[in-house]
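Undergrad: According to the numbering used here, the sequence shown is numbered sequentially starting from 11.
Cβ coordinates follow ideal geometry from the N, Cα and C atoms, glycine included.
Nothing here was measured: the structure is a model prediction, and the numbers come from that model.
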Amino acid sequence: MWVWSLHRKVENHYLQIFYILTVFLNILRGVEYLCILVCFVN
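1. Do you know how far the Cα of Y29 is from the Cα of I46?
2. So for N52, helix, strand or coil by DSSP?
3. With a CB to CB cut of under 7 Å and the five nearest residues on each side skipped, what residues in its chain are close to V33?
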């Protein structure tokens, strides 16, 4: 039972990391689009 709860904690931790990475990548993509837009306008 203890091992299972530990496994759940680790799983949640990895899910959090994955979520943060996804958000970070989306922000990077947004910045990239912004730069392209600015360059296109100029």
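TA: According to the data block:
1. Within the sequence shown, numbered from 1, the residue matching residue 46 stands at position 36. Within the sequence shown, numbered from 1, the residue matching residue 29 stands at position 19. Their Cα atoms are separated by approximately 26 Å.
2. The count along the sequence shown starts at 1 and reaches residue 52 at position 42. Coil at N52, not helix or strand.
3. For the purposes of this step, residue 33 is taken as the residue at position 23 of the sequence shown. The beta carbon of V33 lies closer than 7 Å to none in the same chain, with the five residues before and after it left out.
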